[in-house]
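A.B. asks: Chains as they are written, first to last, in the working numbering: chain A, 1 to 116; chain B, 1 to 113.
The beta-carbon is built from N, C-alpha and C at its ideal position, and this holds for glycine as well.
What follows is a structure written as structure tokens; I'll ask about it next.
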Amino acid sequence: EAGVTQFPSHSVIEKGQTVTLRCDPISGHDNLYWYRRVMGKEIKFLLHFVKESKQDESGMPNNRFLAERTGGTYSTLKVQPAELEDSGVYFCASSQGMDIRGYGYTFGSGTRLTVV
Amino acid sequence: GNSVTQMEGPVTLSEEAFLTINCTYTATGYPSLFWYVQYPGEGLQLLLKATKADDKGSNKGFEATYRKETTSFHLEKGSVQVSDSAVYFCALSDAGGYNKLIFGAGTRLAVHP
């Protein structure tokens, strides 16, 4: 079974530019999550999709971030315009069920975003 | 709010040494507790978990016990190997909503031959 795929693996952009990160979950996983780790600190929850709907977007930092999941398959996370503090590693995860205790997540390898 | 605090790294050990990575948490209710590991160039992997007080999670020689009285979930391994070099993250799932994780800052472990 293919795992969770994220690309690009690395991205370096200038402040003010736009970047789009993509996540392909495991086939059949309705639940898709975005997290990020900024400056070597805690990994923080951004949002949770169930199929194409946003179940919980309480962690989205501001309106420069836009997440979509068209058709309930892959997801994109767009940052526009990027700021220096957006640098970090963005992780995607997917799961079959919503309860983390039972189903667990499968994480992707992450996208390292550097804004200069 | 809920939070997780881990010991700062990096932790540097010689092969076959004993490992402890401390993790304490603040949470309302009865969260579930997890340790995730990130090996170089890979994604986060679930290492072990415990869903109620006094439960012990174990995997690959690692163990952690859910201690409600001390709000701790320390990770231990009796004899580390070079292949254990990675970043280790302690996490909890909110008892009010089991769909997301709250992570600590991570602890980098380097094991030398």
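Would you report the Cα separation of Q6 of chain A and L109 of chain B, rounded to the nearest angstrom?
C.D. replies: Here residue 6 of chain A is taken as the residue at index 6 of the first sequence, counted from 1. Here residue 109 of chain B is taken as the residue at index 109 of the second sequence, counted from 1. Cα to Cα, Q6 of chain A sits roughly 25 Å from L109 of chain B.
A.B. asks: Report yes or no: is there a C-beta of chain A within less than 8 Å of the C-beta of E76 of chain B?
C.D. replies: Here residue 76 of chain B refers to the residue found at position 76 when the second sequence is read from its first residue. No, because no Cβ of chain A sits closer than 8 Å to the Cβ of E76 of chain B.
A.B. asks: Compute the Euclidean distance between the alpha carbons of E69 of chain B and D54 of chain B, then round it to the nearest angstrom.
C.D. replies: Mapped onto the second sequence, residue 69 of chain B falls at position 69. Mapped onto the second sequence, residue 54 of chain B falls at position 54. Their backbone Cα atoms lie some 10 Å apart in a straight line.
A.B. asks: Among A:F91, A:G28, A:L66 and A:T106, whose alpha-carbon lies nearest the alpha-carbon of T18 of chain A?
C.D. replies: What you label residue 18 of chain A is simply residue 18 of the first sequence in a count that begins at 1. Looking at the Cα atoms, A:L66 is the closest of the given residues.
A.B. asks: Let me know if K52 of chain B comes out buried or exposed under the rule of 16 or more other beta-carbons within 10 Å of its beta-carbon.
C.D. replies: Reading the second sequence from its first residue, position 52 is the one you call residue 52 of chain B. Exposed.
A.B. asks: Using 8 Å as the Cβ pair cut-off and three pairs as the minimum, do the region 37–44 of chain B and the region 9–25 of chain B touch?
C.D. replies: Counting Cβ pairs under 8 Å, fewer than three are found: no touch.
A.B. asks: What are the residues in the region 69–94 of chain B lying within 7 Å of chain A by C-beta distance?
C.D. replies: Cβ contacts with chain A: F89 and S93.
A.B. asks: Taking D30 of chain A as the reference, give the member of A:V116, A:K54, A:F45 and A:L77 with the closest Cα.
C.D. replies: The residue labelled residue 30 of chain A in the question sits at position 30 within the first sequence. Ranking A:V116, A:K54, A:F45 and A:L77 by Cα distance to D30 of chain A puts A:K54 first.
A.B. asks: Can you pull the chain A residues whose beta carbon is under 9 Å from the beta carbon of E63 of chain B, in chain order?
C.D. replies: Sequence index remark: in the second sequence, residue 63 of chain B carries index 63 (1-based). Here the premise fails: no neighbours, minimum Cβ distance about 19 Å.
A.B. asks: If we define contact as Cβ-Cβ less than 8 Å, is K56 of chain B a contact residue for chain A?
C.D. replies: Position 56 of the second sequence, counted from the first residue, corresponds to residue 56 of chain B. It does not: the Cβ of K56 of chain B has no partner Cβ on chain A nearer than 8 Å.
A.B. asks: Cβ atoms of V50 of chain A and G88 of chain A: under 8 Å apart, would you say?
C.D. replies: Counting from one through the first sequence, the residue named residue 88 of chain A turns up at place 88. Counting from one through the first sequence, the residue named residue 50 of chain A turns up at place 50. No; because the gap between Cβ atoms is not below 8 Å, this pair is not in contact.
A.B. asks: Between the region 41–57 of chain A and chain B, which residues of the former have CB atoms less than 8 Å from a CB of the latter, in chain order?
C.D. replies: Within the region 41–57 of chain A, the qualifying residues are K41, E42, I43, K44, F45, H48, Q55 and D56.
A.B. asks: At a CB-CB cut-off below 7 Å, which residues of chain A make contact with N22 of chain B?
C.D. replies: On the second sequence, residue 22 of chain B is found 22 positions in, with the first residue counted as 1. Near N22 of chain B there are no residues of chain A at all, since even the closest Cβ is about 16 Å away, more than 7 Å.
A.B. asks: Using a Cβ-Cβ cut-off of 7 Å (strictly less than) and excluding sequence neighbours within five positions of L48 of chain B, which residues of its own chain qualify?
C.D. replies: The residue labelled residue 48 of chain B in the question sits at position 48 within the second sequence. Taken in chain order, the residues that qualify are W35, G57, S58, N59, F62 and A64.
A.B. asks: So is E42 of chain A buried or exposed if we call it buried at 16+ other beta carbons inside 10 Å?
C.D. replies: Translated into positions along the first sequence, residue 42 of chain A becomes position 42. By the 10 Å Cβ count, E42 of chain A comes out buried.
A.B. asks: At a cut of 8 Å, does the region 15–27 of chain B reach the region 106–114 of chain A through at least three beta carbon pairs?
C.D. replies: Touching, no, given that fewer than three Cβ pairs across the two stretches are closer than 8 Å.
A.B. asks: So, are the CB atoms of S93 of chain B and I100 of chain A less than 8 Å apart?
C.D. replies: Position 93 of the second sequence holds residue 93 of chain B. Position 100 of the first sequence holds residue 100 of chain A. Yes, the pair counts as a contact, with Cβ atoms nearer than the cut-off.
A.B. asks: Give, in chain order, every residue of the region 13–44 of chain A whose Cβ lies closer than 9 Å to some Cβ of chain B.
C.D. replies: Per Cβ criterion, the list reads N31, Y33, Y35, R37, G40, K41, E42, I43 and K44.
A.B. asks: Using only alpha-carbon positions, find the residue among B:L33, B:S32, B:P31 and B:P113 that is nearest to S85 of chain B.
C.D. replies: Translated into the one-based positions of the second sequence, residue 85 of chain B becomes position 85. Out of B:L33, B:S32, B:P31 and B:P113, B:P113 has the C-alpha closest to the C-alpha of S85 of chain B.
A.B. asks: So which residues of chain D does S109 of chain A contact, with C-beta pairs closer than 8 Å?
C.D. replies: This model lacks chain D altogether; the protein chains it does include are A and B.
A.B. asks: To the nearest angstrom, how far is the alpha carbon of T70 of chain A from that of S27 of chain A?
C.D. replies: The count along the first sequence starts at 1 and reaches residue 70 of chain A at position 70. The count along the first sequence starts at 1 and reaches residue 27 of chain A at position 27. The straight-line gap from Cα to Cα measures roughly 14 Å.
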